[in-house]
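Protein chains in written order, with full-length UniProt numbering: chain A, 1 to 458; chain B, 1 to 335. Glycine is no exception: its CB is placed at the ideal position from the N, C-alpha and C atoms.
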């Protein structure tokens with residue numbers, strides 16, 4: 001939420017008065033914890049969960065030796081972050097496998113949480129591990145829910161078992177399981193109808209499906225945008241069904257996702273997967289440490305770093321860095337760099353992962369249009385080899401040719417060249433700042449740079 | 001006459017059936033929210049820091065949102081000082097008044113209908129909030145009012161979405177304009193508006209695919225849908241309704257804001273209010289973005305979609321308080 005600056009900033013403010021002090025006093029901690037509390041509440045973590053959590057962190061923070069650390073705020077954030085990560089499950093967990101196949105997975109949750117979609121995604125994930133999942137359509141209530149599962153099944157070529165919407169879900173589940181045994185499916189995923197956790201009749205039905213099929217995994221599908229009520233929902237489902245895990249959906253939105261913490265705290269069940277997009281293969285293992293920094297509003301740096309590591313060629317990156325430092329950056333390098341960035345995935349997703357990006361002025365309104373990147377690429381590719389190396393060659397008539405060749409206008413070509421020049425200038429400044437004597441301008445210089453010159457050429 | 005008494009009398013003039021739908025649908029909200037406040041007031045007789053903190057927690061627990069709650073508590077502190085209130089029980093009416101003030105806003109809750117010709121209503125929202133279901137229920141409502149209705153299957157993305165709307169069309173007995181799954185939703189809207197013109201229907205309800213508000217390209221698509229409708233029928237869409245799930249937390253604010261920017265949202269539909277969720281986010285949205293709630297979903301039956309009536313909402317929410325105040329007053333008279 002834009003109204004709230006990031007937790008780290010606010011904590012820094014609290015601790016700025018603390019300079020010179022050796023130890024954090026109880027009062028300091030109290031003040032800091034108030035900020036942490038607000039951040040957690042703002043992220044939709046249930047207030048009871050917040051209360052317990054704060055008490056725990058407080059205990060660890062009081063009397064902490066901060067004389068050696070440069071920023072006591074960071075020390076506290078570190079504690080908060082570690083505690084949060086631990087609370088959310090420590091390490092990621094995998095799906096259980098039954099001794100005797102098929103392994104039965106049952107999906108449950110409120111209406112609109114994303115059960116059917118997740119069922120499809122989970123099946124896809126299992127297929128990648130060379131399994132043969134069977135999907136059972138037990139949502140006989142919502143119009144076209146069965147059809148939805150069938151379409152998903154078709155997309156990923158997984159069989160879907162259905163008996164129409166006139167048979168009881170318990171019966172469908174039983175018959176579906178039998179079908180799986182006869183056809184050698186090693187996993188069975190039962191999609192159930194969404195229901196309110198206070199709807200006794202429908203909860204009873206779920207219990208019966210549970211008794212009939214004896215699932216190895218009972219996954220609660222939770223919308224990551226859920227508010228304070230997540231606690232009640234998770235608790236009721238857990239009491240009725242003995243959940244074994246949680247799937248968090250719609251995490252590709254801009255929610256901070258405090259519900260994750262609430263659900264974990266009341267059920268004790270690990271969050272096994274996170275759904276991160278509209279595509280069928282967008283179900284990912286859940287990473288508690290990333291979720292922790294997201295809830296705290298500190299961005300998803302880890303995910304970005306991991307993505308970058310797996311996609312960016314280290315040698316090329318080193319070479320690029322050298323070029324940047326010596327400012328002998330050409331349009332060829334520019335193209336290269338764009339290719340690298342594109343490998344990371346949709347740009348707006350990358351932007352989202354950077355801490356503070358959504359709060360930076362100017363950047364907030366910046367729309368990352370993939371098509372625009374394509375146009376930029378076309379412009380650069382329409383230049384001759386010589387022009388790419390020596391952009392200063394580009395006079396009016398050459399620019400006109402480039403525009404015609406790339407199907408753009410001369411205005412766009414001009415803009416790109418201008419931005420490229422700016423970028424080069426910025427790099428020069430950077431390299432003088434990052435010289436052997438270390439950062440001269442410090443943070444302030446960087447900030448000024450970002451504000452004035454840093455324009456993305458696309 | 002006290003505020004609650006006025007409210008009660010105003011409610012009495014309304015049909016009992018509707019009042020009951022609100023009361024039943026909101027029973028969970030009531031127990032979870034109002035009773036907690038009452039319990040707090042009877043338990044803590046004095047107004048001190050502890051009291052404020054607990055009150056804060058109750059409000060936040062209803063998803064009212066940190067910003068709005070802080071504002072409310074600050075206002076309460078001022079009132080307490082001004083009126084020299086010491087007893088927690090005396091604070092109750094002040095709190096109720098403040099809450100109601102926040103919730104009421106300006107009251108033009110009814111749907112805006114075209115003075116003549118076709119009324120077009122566009123439904124937008126994130127995934128899984130209940131857009132299609134709301135359209136089905138609303139179609140039923142219009143149909144039973146004797147209006148001719150047409151549905152546009154603009155969710156061409158999600159598997160089974162078109163079929164889901166078709167089933168609703170069959171149930172209610174209205175036609176659905178559709179194309180194939182995966183086609184351009186703006187094209188579907190174009191067809192639908194043309195068909196609506198040709199057939200001279202009263203109401204066209206347009207479904208769209210659920211989308212998260214931070215997906216720029218999908219939001220642009222929504223903007224295109226909006227423009228196509230506007231181009232084909234000036235004045236339309238007459239309403240753009242953002243469908244919100246009552247269980248949603250603070251992200252609803254971001255939804256209201258971003259959907260508002262891209263598709264000119266004119267009002268909200270709050271669904272699934274019959275759960276334990278308290279829909280407190282409505283207060284936050286009212287407070288920070290001043291978007292009126294036009295419809296509320298209070299149950300799974302066709303008739304459970306109701307026009308939002310802030311008086312009914314407040315009455316149902318504060319039924320306990322109203323009864324008590326009424327009892328107090330008759331007690332005074334008896335003395």
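Identify which residue in 113(B), 255(B), 228(B) and 237(B) has its Cα closest to the Cα of residue 245(B). If you number the second chain from 1, residue 245(B) lands on position 245. Of the candidates 113(B), 255(B), 228(B) and 237(B), the one whose C-alpha sits nearest the C-alpha of residue 245(B) is 255(B).
Within a Cβ cutoff of 7 Å, which residues of the same chain sit near residue 252(B), ignoring the five residues on either side of it in sequence? Mapped onto the second chain, residue 252(B) falls at position 252. The residues are 244, 281 and 285.
Out of 304(B), 37(B), 270(B) and 197(B), which one is the CA nearest neighbour of residue 294(B)? Position 294 of the second chain, counted from the first residue, corresponds to residue 294(B). Checking every option, the nearest Cα to that of residue 294(B) belongs to 270(B).
So is residue 393(A) buried or exposed if we call it buried at 16+ other beta carbons inside 10 Å? The residue you call residue 393(A) lines up with position 393 of the first chain. By the 16-neighbour rule on beta-carbons within 10 angstroms, residue 393(A) is exposed.
Classify residue 87(B) as helix, strand or coil using the three-state DSSP reduction. Position 87 of the second chain holds residue 87(B). Note: residue 87(B) maps to strand in three-state DSSP.
Between residue 332(A) and the rest of its own chain, which residues show a CB-CB distance below 6 Å, the 5 nearest in sequence each way excluded? Along the first chain, one-based indexing puts residue 332(A) at 332. These residues qualify, in order along the chain: 388.
Check residue 271(B) in the structure and name its three-state DSSP category. Mapped onto the second chain, residue 271(B) falls at position 271. In the structure shown, residue 271(B) sits in a strand (DSSP, three-state: E or B).
Uninterrupted beta strand (DSSP E) stretches inside the region 60-143 of chain A (no shorter than 3 residues): Runs of beta strand (DSSP E) with 3 or more residues, each lying fully within the region 60-143 of chain A, are found at 103-109 and 133-137, listed in chain order.
With 9 Å set as the bound, which would you pick, yes or no: does the beta-carbon of residue 100(A) sit closer than that to a beta-carbon of chain B? As a first step, residue 100(A) is located in the first chain; it is residue number 100 there, counting from the start. Closer than 9 Å: no.
Which residues, in order along the region 191-216 of chain A, keep a beta-carbon less than 9 Å from a beta-carbon of chain B? Here the close residues are 194, 196, 197, 198 and 199.
Assigned secondary structure, residue 364(A) (DSSP; H/G/I helix, E/B strand, else coil): Residue numbering aside, residue 364(A) sits at position 364 when the first chain is read from its first letter. Note that residue 364(A) scores a pLDDT of 44, beneath 50, so its modelled location is shaky; the value from the coordinates is reported in the next line. Helix at residue 364(A).
Beta-carbon of residue 336(B) versus every beta-carbon of chain A: anything under 9 Å? As displayed, chain B neither begins before 1 nor continues past 335, which places residue 336(B) out of reach and without an answer.
I believe residue 62(A) touches residue 36(A) by the beta-carbon criterion, under 8 Å. Please report the beta-carbon distance rounded to the nearest angstrom. Counting from one through the first chain, the residue named residue 62(A) turns up at place 62. Counting from one through the first chain, the residue named residue 36(A) turns up at place 36. Actually they do not touch by this definition, with Cβ atoms about 14 Å apart.
Would residue 201(B) count as contacting chain A if we go by Cβ distances under 9 Å? Mapped onto the second chain, residue 201(B) falls at position 201. No, residue 201(B) does not count as interfacial toward chain A.
The alpha helix (DSSP H) spanning residue 136(B) covers which residue range? Within the second chain, numbered from 1, the residue matching residue 136(B) stands at position 136. Counting along the chain, the alpha helix (DSSP H) containing residue 136(B) begins and ends at 131-144.
Return the chain-ordered list of same chain residues with a C-beta closer than 6 Å to the C-beta of residue 33(A), the five sequence neighbours on each side being excluded. Taking the first residue of the first chain as position 1, residue 33(A) is located at position 33. If we look at residue 33(A) and ignore the five residues flanking it on each side, its Cβ neighbours are 54 and 58.
Between the Cα of residue 191(A) and those of 50(A), 89(A) and 138(A), spot the shortest distance and give me the residue it belongs to. As a position in the first chain, residue 191(A) is number 191, starting the count at 1. Taking only the C-alpha atoms, the option nearest residue 191(A) is 138(A).
Delimiting residues of the alpha helix (DSSP H) encompassing residue 275(A): For this step, residue 275(A) is matched to residue 275 along the first chain. Here residue 275(A) belongs to no alpha helix (DSSP H); instead the beta strand (DSSP E) covers 271-275.
What are the residues of the region 260-275 of chain B that lie near chain E, defined by any Cβ-Cβ distance shorter than 9 Å? The displayed structure is made up of protein chains A and B, and chain E is not among them.
Can you pull the chain A neighbours of residue 66(B), defined as C-beta to C-beta under 7 Å? Your numbering for residue 66(B) matches position 66 in the second chain. Within 7 Å Cβ-Cβ: 38, 41 and 42.
By Cβ distance below 6 Å, which residues in the same chain neighbour residue 360(A) in space, the five residues on each side in sequence not counted? Indexing the first chain from 1 puts residue 360(A) at position 360. Because residue 360(A) sits at a pLDDT of 47, beneath the cut-off of 50, its placement in the model cannot be relied upon, and the point is left open.
Using the C-alpha atoms, what's the distance from residue 181(A) back to residue 214(A)? The count along the first chain starts at 1 and reaches residue 214(A) at position 214. The count along the first chain starts at 1 and reaches residue 181(A) at position 181. When rounded, the distance between both Cα atoms is 14 Å.
Along the chain, where does the alpha helix (DSSP H) that runs through residue 185(B) open and close? For the purposes of this step, residue 185(B) is taken as residue 185 along the second chain, with counting starting at 1. Here the alpha helix (DSSP H) through residue 185(B) covers 185-199.
With 9 Å as the threshold, decide whether the Cβ of residue 127(A) is near any Cβ in chain B. On the first chain, residue 127(A) is found 127 positions in, with the first residue counted as 1. Judged by the 9 Å Cβ criterion, residue 127(A) is not in contact with chain B.
Which word fits residue 362(A), buried or exposed, when buried means at least 16 other C-beta atoms lie within 10 angstroms of its C-beta? Mapped onto the first chain, residue 362(A) falls at position 362. In this predicted model, residue 362(A) has a pLDDT of only 47, less than 50, meaning its place in the structure is not dependable enough to derive any value.
Taking C-beta to C-beta, are residue 25(B) and residue 296(B) nearer than 9 Å? Position 25 of the second chain, counting from 1, holds the residue named residue 25(B). Position 296 of the second chain, counting from 1, holds the residue named residue 296(B). The answer is yes: Cβ separation under 9 Å.
In terms of residues, what are the limits of the alpha helix (DSSP H) holding residue 213(A)? Indexing the first chain from 1 puts residue 213(A) at position 213. Residues 200-213.
Can you give me the C-alpha to C-alpha distance between residue 84(B) and residue 232(A), rounded to a whole angstrom? Mapped onto the second chain, residue 84(B) falls at position 84. Mapped onto the first chain, residue 232(A) falls at position 232. When only Cα atoms are considered, residue 84(B) and residue 232(A) end up about 38 Å apart.
Any C-beta of chain A sitting closer than 9 Å to the C-beta of residue 289(B)? Here residue 289(B) is taken as the residue at index 289 of the second chain, counted from 1. No, no contact with chain A.
Can you tell which of 207(B), 42(B), 86(B) and 198(B) has its C-alpha closest to the C-alpha of residue 364(B)? Any answer about residue 364(B) is impossible in this case: the structure gives chain B only from 1 up to 335.
Cβ-based burial, residue 119(A) [other Cβ within 10 Å; buried from 16]: By 1-based counting over the first chain, the position of residue 119(A) is 119. Answer is buried; the Cβ neighbour count reaches 16.
In terms of residues, what are the limits of the beta strand (DSSP E) holding residue 245(A)? Within the first chain, numbered from 1, the residue matching residue 245(A) stands at position 245. Start and end: 245-249.
Flag this pair as yes or no: are the beta carbons of residue 227(A) and residue 119(B) separated by less than 9 Å? The residue given as residue 227(A) occupies position 227 in the first chain. The residue given as residue 119(B) occupies position 119 in the second chain. No; because the gap between Cβ atoms is not below 9 Å, this pair is not in contact.
Kindly list the residues whose CB is nearer than 8 Å to the CB of residue 250(A), restricted to its own chain and excluding five residues on each side of it in sequence; keep chain order. Here residue 250(A) refers to the residue found at position 250 when the first chain is read from its first residue. Cβ within range, chain order: 114, 223, 224, 225 and 275.
How is residue 176(A) classed by DSSP in three states: helix, strand or coil? Residue 176(A) sits at position 176 when you count from the first residue of the first chain. The answer is helix: DSSP assigns residue 176(A) an H, G or I state.
Sorted by chain position, which residues of the same chain lie with C-beta nearer than 6 Å to residue 161(B)'s C-beta, five sequence neighbours on each side aside? Working through the second chain from its first residue, we reach residue 161(B) at position 161. Result list for residue 161(B): 155, in chain order.
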